[in-house]
Amino acid sequence: GPCLGQLFVGTAGFTNAHWAGNFYPPHAKKSEDQLDCYQETFRIVEVNSTFYGTPSAETISAWRRRAADGFRFALKVPRSVTHEGRLASEPALEALRHFVDCALGLGQHLGLLLFQCPRGLRADVQMLSRVAAM
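Just so you know, the sequence shown maps onto residues 1 to 134 in my numbering.
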């Protein structure tokens, strides 16, 4: 049948001290070197650090420059949006706008935005519509 999309396989994060000498060669100690090695095997990586805050423009630019053709980043939306603001508050939506603007700096390397919501968050169509409208 017809192909409905692409499947990207990766891991949560690309920096891991335990991977040096195992998954990564012993010389790959810097995160930049680890990202280069990671891309030889995977086409996407989940960036968990963005859950704790929006990365700087310099960080986004560095990731974009190091990304191989076809490589994607899956950025976790900051907890200030999903947990503290619970998606619906005006400050949370403003933080989301800022995060999206920053993430767009990845250009073709932005794969997706991952919303990890708190367990107690109830489904709310109006709230989801506001988020989706961004």
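In this text, a Cβ means the ideal position worked out from N, Cα and C, and glycines have one as well.
Nearest-angstrom Cβ-Cβ length linking residue i and residue j, presumed shorter than 8 Å
i      : j      : result
LEU110 : ALA103 : 6 Å
PHE51  : ARG79  : 5 Å
ARG43  : PHE71  : 6 Å
LEU114 : VAL77  : 7 Å
The ligand FMN heavy atom lying under 6 Å from the CB of residue i
i     : result
PRO91 : As far as ligands go, the structure on display features none, and thus does not contain the ligand FMN.
CB of residue i within 7 Å of CB of residue j, strictly
i     : j      : result
ALA68 : GLN39  : yes
ALA20 : GLU46  : no
ARG66 : LEU112 : no
ILE60 : GLY107 : no
ALA95 : ASN48  : no
Boundaries of the alpha helix (DSSP H) in which residue i is found, first to last residue
i      : result
THR59  : 57-66
ARG119 : Taken as a continuous stretch (DSSP letters only), ARG119 belongs to no alpha helix (DSSP H), as it is neither H nor E.
ALA12  : Counting along the chain, ALA12 falls outside any alpha helix (DSSP H), though it belongs to the beta strand (DSSP E) covering 10-12.
ALA133 : Counting along the chain, ALA133 falls outside any alpha helix (DSSP H), and DSSP gives it neither H nor E.
Of the listed residues the options, nearest to residue i (C-alpha basis)
i      : options                        : result
LYS29  : PRO2, GLY105 and THR15         : THR15
GLY120 : PHE23, HIS83, VAL131 and THR11 : HIS83
GLN217 : LEU4, ALA88 and LEU96          : Shown here, the chain extends from 1 to 134; a query on residue 217 therefore has no answer.
ALA123 : ASP101, ARG86 and LEU96        : ARG86
ARG97  : PHE8, GLY10 and THR54          : THR54
GLU32  : PHE8, TRP63 and THR41          : TRP63
GLY10  : HIS27, PRO26, CYS37 and LEU4   : CYS37
Unbroken beta strand (DSSP E) run spanning residue i, endpoints
i      : result
LEU112 : 110-114
Complete alpha helix (DSSP H) runs within the segment 17-47 (minimum length 4 residues, chain order)
The alpha helix (DSSP H) runs of length 4 or more contained entirely in the segment 17-47 are, from start to end of the chain, 31-38.
Which full runs of the beta strand (DSSP E) of 3+ residues lie inside the segment 68-92, going along the chain? Segments of the beta strand (DSSP E) lying fully in the segment 68-92: 72-76.
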